[in-house]
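Numbering (my numbering), first residue to last: 188 to 406.
Backbone N, C-alpha and C define an ideal beta-carbon position, used for all residues, glycine too.
All figures in this text were calculated on a predicted structure; none of them were measured in a lab.
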């Protein structure tokens, strides 16, 4: 829990392609015909998100792998929970560009800390699914308050100002998002404020989109 609340983070940006700061950019690989790139915030800094411009680029890391033992790495259903909307890359990019930048939304990497530190999507904070699964009511309240929930005078929880969450994990074969989302719903977080990016980090990397590396600075 400390990682996403008070950690000092060193951010190393993995650049997606060549960026010409002179304003005469030649973007060969756009996101869409009308969207060459977007800007969002990561660790308080403005960051540009675009696709890798090398058209011969291929995945060579773990995310190039097609098959893993199931269980536990089983294909997840399209509907992770009733009432939770699914999104893909375009919707997520617009969420990062608008909701995250304007402070109305939070991109949640629900994977374990080790995955998050290795590489993640820009603007994501890490709330490992295990934390919310095991959280007491007091700890849940603290987490929810960080996400915009307010406690009324009578002690009840008010989610009217709670932030929208876009949640992801490793990919369609990863259940960490499902565990996180269902635990959040169990604790009372509104379903209509949760978005599920099912394709996850593998889908993100497959499209050659910008990634970042986060490392906690230990004192």
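Determine, using beta carbons only, whether residue i and residue j come nearer to each other than 8 Å.
{"i": "residue 295", "j": "residue 352", "result": "yes"}
{"i": "residue 385", "j": "residue 307", "result": "no"}
{"i": "residue 226", "j": "residue 284", "result": "yes"}
{"i": "residue 379", "j": "residue 270", "result": "yes"}
{"i": "residue 312", "j": "residue 322", "result": "no"}
{"i": "residue 354", "j": "residue 334", "result": "no"}
{"i": "residue 305", "j": "residue 400", "result": "yes"}
Where does residue i land, buried or exposed, given buried means 16+ other C-beta within 10 angstroms?
{"i": "residue 332", "result": "exposed"}
{"i": "residue 210", "result": "Summary for residue 210: the model assigns pLDDT 40, below 50, so the residue's position carries little reliability; its value from the coordinates is reported in the next sentence. Exposed, by the Cβ-count rule."}
{"i": "residue 325", "result": "exposed"}
{"i": "residue 253", "result": "exposed"}
{"i": "residue 238", "result": "buried"}
{"i": "residue 338", "result": "exposed"}
My assumption, with CB atoms under 8 Å, is that residue i sits in contact with residue j. Please give the rounded CB distance.
{"i": "residue 359", "j": "residue 387", "result": "7 Å"}
{"i": "residue 246", "j": "residue 393", "result": "7 Å"}
{"i": "residue 356", "j": "residue 260", "result": "About 11 Å separates the two Cβ atoms, so there is no contact after all."}
{"i": "residue 224", "j": "residue 236", "result": "6 Å"}
In chain order, what residues of the same chain have a beta carbon less than 6 Å from the beta carbon of residue i, not counting five sequence neighbours either side?
{"i": "residue 336", "result": "344, 346, 349"}
{"i": "residue 327", "result": "374"}
Less than 7 Å between C-beta atoms, sequence neighbours within five positions excluded: which residues of the same chain meet that for residue i?
{"i": "residue 257", "result": "none"}
{"i": "residue 229", "result": "198, 309, 310, 399"}
{"i": "residue 291", "result": "350, 351"}
Which residues does DSSP list as the beta-bridge partners of residue i?
{"i": "residue 236", "result": "225"}
{"i": "residue 381", "result": "352"}
{"i": "residue 220", "result": "Answer is none; residue 220 lacks a bridge partner."}
I'd like the list of long-range same chain contacts for residue i, defined as Cβ closer than 8 Å, with 5 residues on each side in sequence excluded.
{"i": "residue 373", "result": "none"}
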